[in-house]
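The sequence shown runs 68 to 216 under our numbering.
Take a look at the structure below.
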Amino acid sequence: MSYTEDSKQLREKIRILERKLGVLQDAEYSCCNISMAQCHALVEIGRAGSISLSELAELLNLENSTMSRTVNNLVNSGLVEREIDPKDRRYVSIKLTQSGMKVFEGIEKNMDLYFQKVLESISSDKQKQVVESLQILIEAISENEQYKK
């Protein structure tokens, strides 16, 4: 198989994976009555404990203005709150409310169970290889981000 054919196959496999994960995400998160962007933000805030808007935007690869709108919606839904640093009023941290923590924990539990089932569907001698291969792919994509158009 040629290098071009390999890269086309990689692209096609990633497209299939994106579609499969997209369907999964729509199904898993619809119960929360929040958008996918809000779900991703909620999970990152929950994992960080407390995070600034710019840190969150960088993690999710979004513009600050887009992230601000997403966070505003989460604040209005009562899932996150903003805290102004008393030492530096310009610094605002974002953290989950009790309601947000419940949603976050539900998302994490559901996704952990789902991906545990996925991993169990792979033969035990290949499970580690799959995870390692995904890490290699993530690193390769990160190294080549400047070539995206």
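Glycine residues also receive a C-beta, built at the ideal position from the N, C-alpha and C atoms.
From this set, the options, which residue's C-alpha is nearest residue i's C-alpha?
i, options, result
"residue 166", "155, 111, 117, 147", "147"
"residue 84", "211, 71, 185", "185"
"residue 219", "137, 86, 128, 82", "Within the shown structure, residues of the chain are numbered from 68 to 216, placing residue 219 beyond reach of any answer."
"residue 144", "169, 195, 101, 196", "101"
"residue 173", "193, 106, 203", "106"
"residue 161", "122, 194, 195, 169", "122"
"residue 219", "120, 86, 168", "Residue 219 is absent from the structure shown; the chain starts at 68 and stops at 216."
"residue 233", "193, 73, 168, 76", "Only positions 68 to 216 of the chain appear in this structure, which leaves residue 233 out of reach."
Rounded to whole angstroms, what's the CA-CA distance from residue i to residue j? Just pull it up for me.
i, j, result
"residue 178", "residue 158", "32 Å"
"residue 130", "residue 124", "6 Å"
"residue 181", "residue 70", "34 Å"
"residue 135", "residue 103", "15 Å"
"residue 79", "residue 88", "14 Å"
"residue 77", "residue 199", "16 Å"
Closer than 6 Å by C-beta to residue i: which residues in its own chain qualify, once you throw out the five before and the five after it? Chain order, please.
i, result
"residue 22", "The question about residue 22 has no answer here: the residues shown for the chain are numbered 68 through 216."
"residue 113", "163, 171"
Taking its Cβ as the centre, do 16 or more other Cβ atoms sit within 10 Å of residue i, making it buried, or is it exposed?
i, result
"residue 133", "exposed"
"residue 35", "The chain is shown only over 68 to 216; residue 35 falls outside these bounds and no answer can be derived."
"residue 205", "exposed"
"residue 151", "exposed"
"residue 141", "buried"
"residue 118", "buried"
Is residue i helix, strand or coil when you go by DSSP?
i, result
"residue 157", "coil"
"residue 119", "strand"
"residue 151", "strand"
"residue 77", "helix"
"residue 163", "strand"
"residue 205", "helix"
"residue 101", "coil"
"residue 132", "helix"
Counting only the same chain and skipping the five closest in sequence on each side, list residues whose C-beta sits under 7 Å from that of residue i.
i, result
"residue 126", "111"
Just to confirm my understanding: we take residue i, look at its own chain, exclude 5 residues before and 5 after, and list those with CB closer than 8 Å. What are they?
i, result
"residue 175", "110, 113"
Does any residue of chain E have a CB that is nearer than 9 Å to the CB of residue i?
i, result
"residue 132", "In the displayed structure, chain E is absent; only one protein chain is listed."
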